[in-house]
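Quick notes on the structure that follows.
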Amino acid sequence: MSTDAHASAPQASRSSRRERRLLQTQEIQVRQTHRRRKVLTRTGVLAGFVLAMVVYPVMGTLTPYADAVEAVPGVVSGENPSTARALLGGGPQLVESELPLPEADASAILATSVQIEVSQHLPDCNPLQGWEGYNGKLSADSLCDVGQGEQLRNDAAVAFAELNNRFAQDFGRDICLSDGYRTLSSQYATKRSRGFLAATPGTSVHGWGLAIDLCSSDARGPAKSWLEENGGTWGWVNPSWAKTSKYEPWHFEYEPGTDELGVYGSSYWANSGAYRSSN
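In terms of my numbering, the sequence shown opens at residue 66 and continues consecutively.
Below, the structure is given as structure tokens:
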């Protein structure tokens, strides 16, 4: 072996040792860097936890923030709200709003009120002047002609005029009537001819000018069905008793008027025929 070979061997050995030391030094630096990062991360998390759980609650009790709790809906100062209430408050608040009311048909009278405006289809009849008299003996000013030789009390008359106008638009003719207001004498005559089907004279709803009897042609079929469905819009109904105990499909009454008089109350029958007036 030559001298040069012996000289190069120690040099190679020294070079290897230096490289190992450098590698070890780099590994140590990397490990130290990782440790520092872990410590910083843990320290940051711990600091955040301390701020959230200790510092902020304490700061929240200081004077500048004494009233801050009142800004949370549903939380009362001096009380311990639940976590959900503190975060969410007392729940959604309903906001008051004003929605426009539906518009009624200009040609219709809403017959849920006793007083009704004058109808353009019965212009000479004024329900606002009121009515007076006895059952079967109403004053002339209390009654209005509704055609076909029949009369009704003024408020019932204008409601019927509106109903009849709407009926005519669909059927091309007026509602056929066989009876309307009955005087006391006509009530006695009806009682003699119809027996139990007629009310006791002095108690009949016809005697108040608040009832109509349909012709037999309109007491059945499409006309009757139409009146059952639409009559109530103007206050005219076939009462429940006329569908059960005494079957009278032809008999309709002006319900706001009968309600006003309390016709189907017990006191009515004890004072039937007594003087009444809407004035």
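A virtual CB, placed ideally from N, CA and C, is assigned to each residue, including glycine.
Between the CA atoms of residue j and residue i - distance to the nearest angstrom
| i | j | result |
| --- | --- | --- |
| Glu182 | Arg238 | 24 Å |
| Asp170 | Trp299 | Because the pLDDT of Asp170 is 38, which lies under 50, any placement of that residue in the model is unreliable, and the number read from its coordinates should be weighed accordingly. About 12 Å. |
| Thr323 | Asn200 | 12 Å |
| Glu161 | Ile240 | Confidence in Glu161 is poor, its pLDDT being 35 and thus under 50, which makes the residue's placement unreliable; the coordinate value appears in the next sentence. Going by the C-alpha atoms only, they are around 46 Å apart. |
| Asp210 | Ala222 | 8 Å |
| Val328 | Val270 | 8 Å |
| His316 | Asp206 | 25 Å |
| Asn303 | Pro314 | 7 Å |
| Pro321 | Ser251 | 24 Å |
| Ala264 | Lys311 | 11 Å |
Collapsed DSSP secondary structure at residue i in the structure displayed
| i | result |
| --- | --- |
| Lys311 | coil |
| Leu275 | coil |
| Trp301 | strand |
| Val328 | coil |
| Tyr319 | strand |
| Asp235 | helix |
| Val211 | strand |
| Glu227 | helix |
| Leu203 | strand |
Buried versus exposed, by CB contacts within 10 Å (16 or more), residue i
| i | result |
| --- | --- |
| Glu318 | buried |
| Leu242 | buried |
| Leu193 | exposed |
| Trp273 | buried |
| Leu153 | Confidence in Leu153 is poor, its pLDDT being 47 and thus under 50, which makes the residue's placement unreliable; the coordinate value appears in the next sentence. By the 10 Å Cβ count, Leu153 comes out exposed. |
| Trp301 | buried |
| Arg257 | exposed |
| Phe261 | exposed |
| Arg82 | exposed |
| Phe232 | buried |
| Tyr246 | buried |
| Pro188 | exposed |
| Ala254 | exposed |
| Ser184 | buried |
| Pro287 | exposed |
| Arg218 | buried |
| Gln234 | exposed |
| Phe225 | buried |
Delimiting residues of the alpha helix (DSSP H) encompassing residue i
| i | result |
| --- | --- |
| Arg259 | Leu249 to Arg259 |
| Gln216 | Run containing Gln216: none in the alpha helix (DSSP H); it sits in the beta strand (DSSP E), Glu215 to Arg218. |
| Glu293 | Gly286 to Asn295 |
Delimiting residues of the beta strand (DSSP E) encompassing residue i
| i | result |
| --- | --- |
| Ser243 | Leu242 to Asp244 |
Discussion item. Below 8 Å, how does it come out for the region 292 to 308 and the region 187 to 203: are there three or more Cβ pairs, yes or no?
Written reply: no
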